[in-house]
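> Questions regarding the structure given below will be posed in turn.
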């Protein structure tokens, strides 16, 4: 058997990077899983590669899935990324940056890989506090996915490994997440969060993701190594 | 609003073709969804295109997902497709043609598309009788997926459309399925079932899929237009 294994969904952003560091600190052998999904921001994938390498992932797999074909989101299509929304607005409605069923699609691939690797845990950086209004970041969704996953697989039928969906950030604020990551030695300079970066790769500073990141560093009292602001 | 819409998972085989005909007979506007997933048998996709056209699907979307990268199956990798297994063997163990988490990945994409289309139903041709031993064909799995799906989506959160996972074949024998399809006017000559066809596209006649199909036509007392045998 050897080491215990975990598949970690890795976008290259602040949350998934912290999650990977947490999984490593718990002694898992790490298998990072990222997606090229027709998103505007291929910069995420460069960040994911840097992070997987820096955190010593055993493998880093990048799957191609063309969610743009399905449409319905500012992150895969032509809809504009909203800027300058306040927290009230973020919480009131599900934003156009929501990608239909994205976490379900990502977790399904993670489940397939976990089954092949005989990994016992799938880590995902969802967050129900500063969560920007996505339905598939809520605890009841994650529980339902885990239940389904344990009926979906060969291992489940044969009563072997049960797979656990691990969401260590789910009840943390962005500031908590950043403090935890710093404690685990993460250099957040290698991460990328912006939904709509400049052609040179600089964060826009005004999309939901940039605003939540900014607020997190400010509340943690730490300087963001990417923007050099706090 | 207009017509009620359904996403139908379509492999181009006998089961999914019958499911599409059933959805049509219930008055749905049909959106066929197929996958190019690194499978050996691209012939399936040609069959799926013929079927979608013949049954008047409003759209037919083919998504690329490279399950071969994840591995673990005779249908995507280098493992040999087993031949000449009897029914006892098929039921006793999950075969190497099992693709890890395949139905979960397929249904996840269907869920994303259903959300964008505002479709109320997703049809899938799983079968728990002549089912060849796959865990993700069982009713309890389908129920768990549906439950998860209704927590995953924007519509679920806002209390609008609930999505239903429809499995009209789940308790039918292969012979029942074929009789039903014939009644609905399906020409099964346009379908493709074999896991391991010859380079010319002829079914091998000995893989699980060919054997179940053969048994079905025999029990229904109908000649298979593909092999001209019953």
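Protein chains in written order, with our numbering: chain A, 37 to 266; chain B, 37 to 266.
Every residue gets a Cβ at the ideal spot worked out from N, C-alpha and C, and that includes glycine.
Could you check which residue in A:256, A:45, A:213 and A:257 has the C-alpha nearest to that of residue 150 of chain A?
Along the first chain, one-based indexing puts residue 150 of chain A at 114. Nearest of A:256, A:45, A:213 and A:257 to residue 150 of chain A, Cα basis: A:45.
> What residues from chain B crowd round residue 137 of chain A, counting only those whose CB sits closer than 7 Å?
Along the first chain, read from residue 1 onward, the residue named residue 137 of chain A stands at position 101. By Cβ distance, chain B contributes 144, 147, 148, 151, 188 and 189.
> Whole angstroms are fine: how far does the CA of residue 135 of chain B sit from the CA of residue 90 of chain A?
Mapped onto the first chain, residue 90 of chain A falls at position 54. Mapped onto the second chain, residue 135 of chain B falls at position 99. If you take the alpha carbons of residue 90 of chain A and residue 135 of chain B, they lie about 32 Å apart.
> Chain A beta carbons: is any one of them nearer than 7 Å to that of residue 78 of chain B?
Indexing the second chain from 1 puts residue 78 of chain B at position 42. Cβ-Cβ to chain A under 7 Å: no for residue 78 of chain B.
> Mind checking whether the beta-carbon of residue 165 of chain A lies closer than 6 Å to any heavy atom of the ligand NAD?
In terms of ligand content, the structure shown is empty, and the ligand NAD therefore cannot be addressed.
> Pick helix, strand or coil for residue 78 of chain B, following the three-state DSSP scheme.
Mapped onto the second chain, residue 78 of chain B falls at position 42. Residue state, collapsed to three classes: coil.
> Taking the straight line between their C-alpha atoms, what separation do you get for residue 57 of chain B and residue 241 of chain A?
Here residue 57 of chain B corresponds to residue number 21 of the second chain, with the count starting at 1. Here residue 241 of chain A corresponds to residue number 205 of the first chain, with the count starting at 1. Roughly 51 Å between the two C-alpha positions.
> Based on Cα-Cα distance, which residue from B:144, B:221, B:69 and B:233 lies nearest to residue 96 of chain B?
As a first step, residue 96 of chain B must be located in the second chain, where it is residue number 60. Cα-wise, what sits closest to residue 96 of chain B is B:69.
> Taking Cβ positions only, does residue 181 of chain A come closer than 7 Å to chain B?
Here the question's residue 181 of chain A lines up with position 145 in the first chain. Yes, residue 181 of chain A lies at the interface with chain B (some Cβ there is under 7 Å from its Cβ).
> Ignore the nearest five residues each way along the sequence and tell me which others in residue 124 of chain A's own chain have a CB closer than 8 Å to its CB.
The residue given as residue 124 of chain A occupies position 88 in the first chain. Contacts found: none.
> Is there a Cβ from chain E that is less than 7 Å from the Cβ of residue 203 of chain A?
No chain E appears in the structure shown, which is made up of the protein chains A and B.
> Mind checking whether residue 159 of chain A and residue 59 of chain A have CB atoms under 7 Å apart?
Numbered from 1 along the first chain, position 123 holds the residue referred to as residue 159 of chain A. Numbered from 1 along the first chain, position 23 holds the residue referred to as residue 59 of chain A. In contact: residue 159 of chain A and residue 59 of chain A (Cβ atoms closer than 7 Å).
> How about residue 213 of chain A and residue 205 of chain A: do their beta carbons lie closer than 7 Å?
Indexing the first chain from 1 puts residue 213 of chain A at position 177. Indexing the first chain from 1 puts residue 205 of chain A at position 169. Yes, these two residues count as a Cβ contact at 7 Å.
> According to DSSP, is residue 96 of chain B helix, strand or coil?
Locating residue 96 of chain B in the second chain gives position 60, counting from the first residue. Three-state DSSP puts residue 96 of chain B in a strand.
> At least one CB of chain A closer than 7 Å to the CB of residue 177 of chain B: is that the case?
By one-based count along the second chain, residue 177 of chain B stands at place 141. At least one chain A Cβ lies under 7 Å of residue 177 of chain B.
> What does the alpha-carbon distance come out to for the pair residue 72 of chain B and residue 119 of chain B?
The residue you call residue 72 of chain B lines up with position 36 of the second chain. The residue you call residue 119 of chain B lines up with position 83 of the second chain. If I take the Cα positions, the gap works out to 24 Å.
> Using the three-state DSSP reduction, which class does residue 37 of chain B fall into: helix, strand or coil?
Taking the second chain and counting its residues from 1, the one referred to as residue 37 of chain B is at position 1. Residue placement at residue 37 of chain B cannot be trusted, given a pLDDT of 46 that sits under 50; what the coordinates show is reported in the next sentence. Correct three-state label for residue 37 of chain B: coil.
> May I ask you to report which of helix, strand or coil DSSP gives residue 200 of chain B?
Within the second chain, the letter at position 164 stands for residue 200 of chain B. Three-state DSSP puts residue 200 of chain B in a strand.
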